[in-house]
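In UniProt numbering, the protein residues as written are 1 to 74.
Ideal Cβ positions, reconstructed from N, Cα and C, are used throughout, including at glycine.
Being a predicted model, the structure only gives us computed values, none of them experimental.
Listed below in structure tokens is the structure:
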């Protein structure tokens, strides 16, 4: 995926996380990773794998297809 698409996906993830009032610490705990690692995912500084995307979507109660929809913002 292109950098712009990744940024759109991570922005959608961040917006949904904030909408639910979930902290990065909470997300990291649920994913069994460090808060720093989770922060890097949201910032696009760490590779967002399909597995991690699916876990994030489950935590945020999102369909992966809605997060991946090209050019769509929440």
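Spatial distance of residue i from residue j (CA atoms)
i: residue 27; j: residue 18; result: 11 Å
i: residue 37; j: residue 68; result: 21 Å
i: residue 21; j: residue 14; result: 10 Å
i: residue 63; j: residue 35; result: 23 Å
i: residue 55; j: residue 47; result: 14 Å
i: residue 29; j: residue 23; result: 10 Å
i: residue 12; j: residue 39; result: 14 Å
i: residue 8; j: residue 25; result: 22 Å
Presumed contact (8 Å Cβ cut-off) between residue i and residue j, rounded CB distance
i: residue 52; j: residue 41; result: 7 Å
For residue i, the first and last residue of its enclosing alpha helix (DSSP H)
i: residue 22; result: Residue 22 -> no alpha helix (DSSP H), and no H or E assigned at all.
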